[in-house]
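Residue numbers (my numbering): 1140 to 1390. By construction, the Cβ of each residue, glycine as well, lies at the ideal position given by its N, Cα and C atoms. In this text, all values refer to a predicted model and were calculated from it rather than measured experimentally. Data block below; observations after.
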Amino acid sequence: TQQKMMVFQPETLPPLVSLTFTGVEEFRSDEVAAMIRKQMGTEGFSERRLKMYLNGVVRQAYEEHGMYRVRFSKIEAQKSGGGMAVTAEIFEGPKFKLGDVQFAGDHLPVEAMRKAAQFQTGALANWRQIQQSIYDLEKPVKRTGYFDATARVERNLRDDEQQLDLHISFALGPLYHAGEVSFVGLPPEVEAKARKIWRMQSGDLFDYAYAMDFLREFAKTTDLAKYKISEQEHKAMGSYIVDETIKFEPR
């Protein structure tokens, strides 16, 4: 069964004339208020909306400071000057360091993943930086033919050691193979040179980033500065074969 929630609120919400936070040490009260107001814009005040922004933008700011146990407790609102004066209490909690990072899955390029991610274990667990590392570690997996691979992350907060451990698994998706490559805009003799340098053959596991490796190698033999270069990937509907077209347009 599906549950539905109905929310009733006035047609016009009262303006937020002041917003104050107590219990804050990591940020100033006015800094937290500025985070909220930037998102709210000209919206009026409702407790439900304020909680939404607290659990969104403010929680994100604290997690960038390694503070994952932040709690937003009582919210008090009083009428003031035709609007609402609001005071909210924040329990910030301790700062966590990044601890153990584990990968789950068979045949993963673990060494390349760790090198790409560069997790700063033992350092402050800045969640924005950790998310970037997770994005970076997807790239070596995608280069093994799993073009649609995405990481799934489980966070484990160890309060006794104030440590954040990560368990990372993957939704790999289908395995892609390389199709044909086309070079458009090159003179015949230069195209012949390009085809000698291009090493990903039809039927190989598809490496989505190989075109950049190729262009770096090709640039050693050909002046590419005179071209505007673009690359397109073509996947037929229902097919896991990827054709590539690299266009060279004179500047």
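- Between the stretch 1301 to 1319 and the stretch 1332 to 1347 there are three or more C-beta pairs closer than 8 angstroms, enough to call the two in contact.
- Here Gly1180 is exposed, its C-beta having fewer than 16 other C-beta atoms within 10 Å.
- Contact check for Lys1278 and Ala1262: beta-carbon distance about 22 angstroms, past the 8 angstroms limit, so the pair fails to qualify.
- Taken atom to atom, the span from the alpha-carbon of Asp1239 to that of Ile1229 is near 29 angstroms.
- Assigned with DSSP and collapsed to three states, Met1351 falls in helix.
- The shortest C-alpha to C-alpha distance from Asp1245 to any of Pro1327, Ser1157 and Leu1311 is the one to Leu1311.
- Excluding five sequence positions before and after Arg1282, the CB atoms of its chain that fall closer than 7 angstroms to its own CB belong to Asp1346, Tyr1347 and Ala1348, given in chain order.
- Shown here, Leu1263 sits in a strand according to DSSP, grouped into three states.
- Straight through space, the alpha carbons of Ser1341 and Glu1372 are spaced by roughly 14 angstroms.
- Residue environment analysis places Val1381 among the buried positions, since at least 16 neighbouring C-beta atoms fall within 10 angstroms of its C-beta.
- Looking at the DSSP output, Gly1222 bridges to Ser1219.
- Listed in chain order, the non-local C-beta contacts of Pro1248 below 7 angstroms within the same chain comprise Pro1279, Val1280 and Thr1283, local neighbours out to five positions each way being set aside.
- Using a Cβ-Cβ distance cut-off of 8 angstroms, the stretch 1327 to 1341 and the stretch 1349 to 1360 are in contact, since at least three pairs of beta carbons, one from each stretch, lie closer than that value.
- A buried status is given to Ile1273, since no fewer than 16 other beta-carbon atoms sit within 10 Å of its beta-carbon.
- Beyond the five residues adjoining it in sequence on each side, His1306 comes within less than 6 angstroms, by CB distance, of Gln1241 and Glu1293 in the same chain, given in chain order.
- For Lys1234, same chain residues with a beta-carbon under 6 angstroms away, outside a window of 5 residues either side, are Gly1205 and Met1206 in chain order.
- In this structure, Glu1370 is the residue among Phe1160, Tyr1366 and Glu1370 with its C-alpha nearest to the C-alpha of Val1320.
- Secondary structure note for Leu1155: its beta strand (DSSP E) is the uninterrupted segment Leu1155 to Thr1161.
- Secondary structure at Pro1389: strand, using DSSP grouped into helix, strand and coil.
- Secondary structure of Tyr1274 (DSSP, three-state): helix.
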